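Written out below as structure tokens is the structure these notes cover.
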Amino acid sequence: MIEKVSALHFDHHKGLFGDHEGKNNLLKIKEIKDLNIFQVAKFKKSSVDISQIKIDDVSLPLSNPLVSHNSDIRILWTGPDTWTFISENPLKEKITSSFNDIDFGITDLSHSRAAIQIQGDNAIDVLKKGSPVNFNEDQFSVNSSANTTYNGINILIDFISLEPKTLNIYSLRSFGGSFYHSITDSALEYGYEGI
Amino acid sequence: MLEIRCPYCGKRSQNEFSYGGDGNIKRPTLGEEINTKDWDDFVYFRDNPRGKHTELWHHTSGCRQWFKASRDTATHEIFATCKMNEDFNE
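Chains as they are written, first to last, in the numbering used here: chain W, 796 to 990; chain C, 3 to 92.
Rendered as structure tokens:
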């Protein structure tokens, strides 16, 4: 019998870690499971007008570092004419009905990513320890995304909300363990709760 | 550490980029007769100037796009970057 195992099944542990004693509002780190992640890339020869395309009334973001979203779906700009769609609900039907395979390349990445959510006042500080992105508020705010590196591991950061500060971070599944331990090692200084 | 302005993503650290070689090289036109020396020059031989140099860079850990950069090979100062189909606006 085949058992479904999440990307961080053997790495993520629940509990309190690092310098957590006597602190309120600890950082919270959790694995996000069962996400639907699709990459859509427009072919160079395509003449489709991107601004006319909407999914669930959400337009595609047209430049870095924008994220378009509603309560169900987040669309991240990940390169020129390239987007990453992320949702907890099924996406395949929605995407294939909006993007034809003559103009767009569609790739299901759902099982090839490890996803971590980091939440708390020091969430950005943890990311600053390993990533060269400019996290100043005028450069990187809520509903921004960035393809970047964390201690040499390629990651995709999605800034979800400000109160509380919440960021979802995606890495290749095969790098998930290294990435998870990189993040949690950086979080030890502040103390964190694995949930 | 260099700070490089990707034409698509903005300023990022050198960590995210890969150097892609001389940006002045022109590939011989496809379908035309070409002598061995020209082919040899295209494949193997590069200038190694001290000073301003046009280079190719790849935003490997970002948007994964190639772009051109004008860089001083002595001081490492980057004067400008632009998309592959654009010219420098210095």
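For glycine and all other residues, C-beta sits at the position ideal for the given N, C-alpha and C. Treat the numbers as computed from the prediction; the structure is a model and nothing was measured.
Exercise for review: For T961(W), go through chain C and note every residue whose CB falls closer than 7 Å to its CB, in chain order.
Suggested key: Residue mapping note: residue 961(W) aligns to position 166 of the first sequence, counting from 1. Going along chain C, no residue has its Cβ under 7 Å from T961(W), so there is no contact; the nearest lies around 23 Å.
Practice item. Taking all protein chains shown into account, decide if A836(W) is buried (16 or more other Cβ within 10 angstroms of its Cβ) or exposed. Key: As a first step, residue 836(W) must be located in the first sequence, where it is residue number 41. Looking at its Cβ environment, which holds 16 or more other Cβ atoms inside 10 Å, A836(W) is buried.
Exercise for review: Compute the Euclidean distance between the alpha carbons of A76(C) and E35(C), then round it to the nearest angstrom.
Suggested key: To locate residue 76(C), count along the second sequence from 1; it is residue 74. To locate residue 35(C), count along the second sequence from 1; it is residue 33. Rounded to whole angstroms, A76(C) to E35(C) spans 38 Å at the Cα level.
**Study point:** Identified DSSP bridge partners for T56(C)
**Key:** Taking the second sequence and counting its residues from 1, one reaches residue 56(C) at position 54. Looking at the DSSP assignment, T56(C) forms a beta bridge with S72(C).
**Study point:** Whole-angstrom distance between T56(C) and R73(C), CA atom to CA atom
**Key:** In the second sequence, the residue the question calls residue 73(C) occupies position 71. In the second sequence, the residue the question calls residue 56(C) occupies position 54. If you take the alpha carbons of R73(C) and T56(C), they lie about 6 Å apart.
Practice item. Could you name the residues of the same chain whose beta carbon sits closer than 6 Å to that of S939(W), not counting the 5 residues immediately before and after it, in chain order? Key: Indexing the first sequence from 1 puts residue 939(W) at position 144. For S939(W), where only same-chain residues beyond five positions count, the Cβ hits under 6 Å are P860 and F954.
Practice item. Pick out whichever of D43(C), P51(C) and T38(C) has its Cα sitting closest to the Cα of H78(C). Key: Within the second sequence, the letter at position 76 stands for residue 78(C). Closest by alpha carbon: P51(C).
Review point. Less than 9 Å separating the beta-carbons of G995(W) and Y945(W)?
Key: Here chain W has residues from 796 to 990 only, and residue 995(W) is not among them.
**Study point:** alpha helix (DSSP H) segments (min. 4 residues) lying fully within the stretch 878-916 of chain W
**Key:** 887-893
Exercise for review: Confirm, please, whether the CB-CB distance from G33(C) to P58(C) is below 9 Å.
Suggested key: Here the question's residue 58(C) lines up with position 56 in the second sequence. Here the question's residue 33(C) lines up with position 31 in the second sequence. Per the sequence shown, the amino acid found at residue 58(C) is Leu instead of Pro. Not in contact: L58(C) and G33(C) (Cβ atoms no closer than 9 Å).
Practice item. Within the same chain, show all residues whose beta-carbon is closer than 6 Å to that of Q912(W), passing over the 5 residues directly before and after it, in chain order. Key: Locating residue 912(W) in the first sequence gives position 117, where the first residue counts as 1. Correct list, in chain order: K825, I827 and N963.
Point to revise | Rounded C-alpha distance that separates Y46(C) from G64(C) | key: For the purposes of this step, residue 46(C) is identified with residue 44 of the second sequence, where counting begins at 1. For the purposes of this step, residue 64(C) is identified with residue 62 of the second sequence, where counting begins at 1. If you take the alpha carbons of Y46(C) and G64(C), they lie about 29 Å apart.
Point to revise | Three-state secondary structure assigned by DSSP to E816(W) | key: Within the first sequence, the letter at position 21 stands for residue 816(W). Looking at E816(W) - three-state DSSP - the assignment turns out to be coil, as it is neither helix nor strand.
Exercise for review: Flag this pair as touching only if the stretch 839-855 of chain W and the stretch 877-897 of chain W have three or more C-beta atom pairs under 8 Å; answer yes or no.
Suggested key: yes
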